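Sequential numbering from 46 applies to the sequence shown in the numbering used here.
For every residue, glycine included, the Cβ atom is placed at its ideal position computed from N, Cα and C.
Since the structure is predicted, the reported quantities are computational estimates derived from the model, not experimental observations.
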Amino acid sequence: MGSATHRVAILVYDGVKLLDVVGPAEVFGEANRLGADYKIVLVSPTGADVTSSIGIRIAVDAAATEPAPDTFLVAGADIYPRTPVPRDLIEATRTLAGRADRVASICTGAFILGAAGLLDGKRATTHWKVAHELAARCRASHVEPDAIYVRDGTTYTSAGVTAGIDLALALVEEDHGPDLTRDVARALVVYLQRSGGQSQFSAPLQGPPPRSPALRKLTDLITANPGGNHSLGELAKHLNVSPRHLTRLFHDELSTTPARYVEMIRFDMAKALLDQGHTATQTASLAGFPNYESMRRVFVRELSLSPAAYQRRFSTARRADEGQ
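Written as structure tokens, this is what we have:
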């Protein structure tokens, strides 16, 4: 990017989700404190101030005819997955996107990009709850419901809420490299960035919760202590049922086995530990795997990656002491 000021225009409108605006803006603002030169401009279709989804008034800097931005971001809102995007937003988006070097949406802002035809022929994502609706509206694009953010050329889309921060960090890293971005992430107390290919979900959230209070209590126990003794016999003792009956409960309510459920909880914890900078051997022990090899088999089965390859590919954050 060099030393020139980099203009970031964020499109806002009545009902916009405030965190979709201020989350990325804080990333660019913190980058400025550390030596970058981003100029953040809030724009609306007419230049009029807008009211966010929680009623907070947002002061707007300019209309969509403002000078060409280097980066153009479209914030999301709860309303547009449910209703058509109005013409003024579509036209403002096309105007700004046509002059920008790169275009990005936060969460359901993808619906606005899609309505403007800017996702045609591209990969995209949005909040997992409404990804099916985006796919239905944007049949010429390929919607990936389980990604934190997606880059297709100079077009970026992100998943829900805090994923906008991940996307903004990725843009800063693209401009300034990992060192400055790592400092931004540490200042904001977030991961340097979760790679776009990582799942929006953690293992306990990928399916419906157990219907019965007893089984829910057991799954809460496993989640709270993945490294505990969670053999079939021990788990059955917690509910005072037979191993066969417990296996039937897991099958009927969670469509899995007790052993597989425990394994996926440990797998989810292992990914988080690797993201934090633990070694693969430490991770296997802390996550409750019997040994490194058992953890490696799960990673290869689920991701087609070894734990070490996962860490190289997805984890750019390290412990706070690294490099100091």
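{"Check": "Where does the unbroken alpha helix (DSSP H) through L214 begin, and where does it stop?", "Outcome": "208 to 221"}
{"Check": "Over what stretch of residues does the alpha helix (DSSP H) that includes S349 continue unbroken?", "Outcome": "Where S349 is concerned, there is no enclosing alpha helix (DSSP H), given that its DSSP letter is neither H nor E."}
{"Check": "Within the same chain, show all residues whose beta-carbon is closer than 8 Å to that of L164, passing over the 5 residues directly before and after it, in chain order.", "Outcome": "A155, L158, C183, A185, S186, T200, T202"}
{"Check": "Would you check if the region 276 to 294 and the region 327 to 342 touch, i.e. whether three or more CB-CB distances between them fall below 8 Å?", "Outcome": "no"}
{"Check": "Sort Y355, T171, D123 by Cα distance to A315 and report the nearest one.", "Outcome": "Y355"}
{"Check": "Specify the secondary structure class of A49 as computed by DSSP and reduced to three states.", "Outcome": "coil"}
{"Check": "Measure the CB-CB distance between P90 and D123 and report whether it falls below 7 Å.", "Outcome": "no"}
{"Check": "Would you kindly work out how many angstroms separate the C-alpha atoms of L118 and Y194, rounded to a whole number?", "Outcome": "13 Å"}
{"Check": "Per DSSP, what are the beta-bridge partners of L319 in this structure?", "Outcome": "Note: L319 sits in no beta bridge, so no partner."}
{"Check": "Could you pull the start and end residues of the alpha helix (DSSP H) that S330 belongs to?", "Outcome": "325 to 332"}
{"Check": "Identify every run of the alpha helix (DSSP H) within the region 78 to 157, keeping only runs that are complete inside it and at least 4 residues long; order them along the chain.", "Outcome": "132 to 144"}
{"Check": "Could one say the Cβ of E75 lies closer than 7 Å to chain B's Cβ atoms, at least one of them?", "Outcome": "Absent here is chain B; the protein component of the structure consists of one chain."}
{"Check": "Can you pull the DSSP bridge partners for G342?", "Outcome": "The amino acid at residue 342 is misidentified as Gly; the sequence shows Arg. Its beta-bridge partners do not exist; DSSP assigns none."}
{"Check": "Per the DSSP calculation, S257 is bridged to which residue(s)?", "Outcome": "Looking at the DSSP assignment, S257 forms no beta bridge with any residue, so it has no partner."}
{"Check": "Compare the Cα-Cα distances from G209 to each of G278, G198, T171 and report the closest residue.", "Outcome": "T171"}
{"Check": "Would you kindly check if the distance between the Cβ of V61 and the Cβ of A149 is under 7 Å?", "Outcome": "no"}
{"Check": "How far does the alpha helix (DSSP H) with T200 in it extend, from its first residue to its last?", "Outcome": "Element bounds for T200: not the alpha helix (DSSP H) but the beta strand (DSSP E), 200 to 203."}
{"Check": "Look at V105 and D94 and say whether their C-beta atoms are less than 7 Å apart.", "Outcome": "yes"}
{"Check": "Beta strand (DSSP E) containing R196: first to last residue?", "Outcome": "194 to 197"}
{"Check": "Which class does V72 belong to by DSSP, given the choice of helix, strand or coil?", "Outcome": "helix"}
{"Check": "Can you tell me whether H177 is helix, strand or coil according to DSSP?", "Outcome": "helix"}
{"Check": "Given this structure, state the Cα-to-Cα distance separating L214 from G272, to the nearest angstrom.", "Outcome": "33 Å"}
{"Check": "If you follow the alpha helix (DSSP H) that P288 is part of, which residue opens it and which one closes it?", "Outcome": "288 to 299"}
{"Check": "Go through its chain and collect everything with a Cβ distance to G205's Cβ below 6 Å, but skip five positions before and after it.", "Outcome": "C152, H172"}
{"Check": "Can you check whether the CB of E338 is closer than 7 Å to the CB of N232?", "Outcome": "Reading off the sequence, residue 232 comes out as Ala, not Asn. Not closer than 7 Å, so no."}
{"Check": "Less than 7 Å between C-beta atoms, sequence neighbours within five positions excluded: which residues of the same chain meet that for L380?", "Outcome": "It is not possible to answer for residue 380, since the shown part of the chain is limited to 46 through 369."}
{"Check": "Where does Y306 fall in DSSP's three states?", "Outcome": "helix"}
{"Check": "Does I99 pass the burial test, meaning 16 or more other C-beta atoms within 10 Å, or should it be called exposed?", "Outcome": "exposed"}
{"Check": "Which one of A269, P254, P69 has the shortest CA to CA distance from H296?", "Outcome": "P254"}
{"Check": "DSSP puts I267 in a beta bridge; with which residues?", "Outcome": "Answer by DSSP bridge pairing: none, since I267 is not bridged."}
{"Check": "Which first and last residues belong to the alpha helix (DSSP H) in which G273 is found?", "Outcome": "Segment: none, G273 is in no alpha helix (DSSP H) and carries neither H nor E."}
{"Check": "With C-beta atoms as the reference, is T326 less than 7 Å away from L319?", "Outcome": "no"}
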